[in-house]
Every structure is written in structure tokens, then in C-alpha cells.
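Reading through the C-alpha cells given below for one structure.
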Amino acid sequence: MTRRYPTLIAAALALSAPWALAQTIVKDAWVRGTVAEQKATGAFMSITSTQGGKLVAVSTPVAGVAEIHEMAMSGNVMKMHAIPGLALPAGQPVKLEPGGYHLMLMDLKQQMKEGEVVPLTLVVEGKDGKRESIDVKASVKALGAPHSMKH
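So the sequence shown is numbered by numbering that gives the first Met the number 0: it starts at 0 and just counts up by one.
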């Protein structure tokens, strides 16, 4: 009977191995709701890369275009623009939130309604150049709802 335990432990470790290999953790993902004819919205979340890397791409079936964006002050004007990637320092959460870094979903194919779930695929490139795709389910929050992130 004592010989069974090493086998069970080995089986448990083998089953948990894919989880142990995950390099990036995404939490609190949400998308801002839209009105009927609105063609763009933002997606927000917290991303932590255990080894460090860079968010290099995003895609979703609900939008024709999905980009990584930054909002920053330029003089006295807040400006938004696409960026080619977002650094993810090892072990440090990077918050994508209104007024800062976020994912911009444009050419929307449908209205984003409260309670719906939006599938997103994030692509993170590690320091070693290997790419990891992360499937995220982001809940849609009402257009006027307060949007504070959990800590």
C-alpha cells in the first residue's frame, strides 16, 4: 500500500504541471458597456507575468480591431494612442484601467450589454521570446456603473 502513494503523488504532480507552467495571470477582467450604435469600448484588467515579459497583442471575435492603448497627458490634453506592447515586469501586477493603459476594442460587431461575457485572447511574449496565448473572459459592466478594480 505504501508503494501506491508515490504513484498517486506523481500523478497529482503531472496533472498540476500545466498550471505550474502558466507564466501570466489575469484578474478582474471587464469591458465597459456600450449604447446601441457605439463602435468602440475599452477592456480593463490586472495582468501579472511571473517571469516578466510584454503584452504584444490582443484579439476578440466581438471587434474588428483590438489594440493595446495608453492614455497620457500631453501638455494640458489627455491623449490616447496605440502602443506596440506593454511591459510586464516580473511578479508585478500591471493594471489596465480607465485613464491609463487599456485594451481598445473598435469596429464593434454588437452592443456590449451588462452581464454579457466578452472573450479576449492576449498574447504575451516572455523574455526568452516565446509567446503565450491567454484566453480571458471579461464581464461587461453597465456604461454608467462605477468601475473600480479589486485590490
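Quick reminder that beta carbons are idealized off the backbone N, C-alpha and C, glycines included.
Just so it is clear, the structure is predicted and the values come from calculations on it, not from any experiment.
* Are there 16 or more other CB atoms within 10 angstroms of the CB of Val57, so buried, or fewer, so exposed? -> The residue is buried, with at least 16 neighbouring Cβ atoms inside 10 Å.
* Asked: Roughly how many angstroms separate the alpha carbons of Gly99 and Met77, rounded to a whole number?
  -> Those two C-alpha atoms are separated by around 10 Å.
* Asked: Start and end of the beta strand (DSSP E) containing Lys94?
  -> 93-95
* Asked: Alpha carbon to alpha carbon, how far is Leu54 from Thr40?
  -> 19 Å
* Please name the residue or residues paired with Ala42 in a DSSP beta bridge. => Under DSSP, the beta-bridge partners assigned to Ala42 are Val30, Leu102.
* **Cβ-Cβ separation, Pro92 to Trp47 (assumed contact under 8 Å), whole Å** => Reading off the sequence, residue 47 comes out as Thr, not Trp. Indeed they touch by this definition, with Cβ atoms about 5 Å apart.
* To do: Just confirm the distance between the C-beta atoms of Ala89 and Gln50, as a whole number of angstroms; I'd bet it's less than 8 Å.
  => Separation of the CB atoms of Ala89 and Gln50 is rounded to 6 Å, and the pair is thereby assigned contact status at 8 Å.
* Enclosing beta strand (DSSP E) for Thr49 [first to last residue] -> Per DSSP, Thr49 belongs to no beta strand (DSSP E) and is neither H nor E.
* Per-residue DSSP class, three states only, for Thr59 -> coil
* To do: For the beta strand (DSSP E) holding Ala162, just list the boundary residues, first then last.
  => Residue 162 is absent from the model: the chain starts at 0 and stops at 150.
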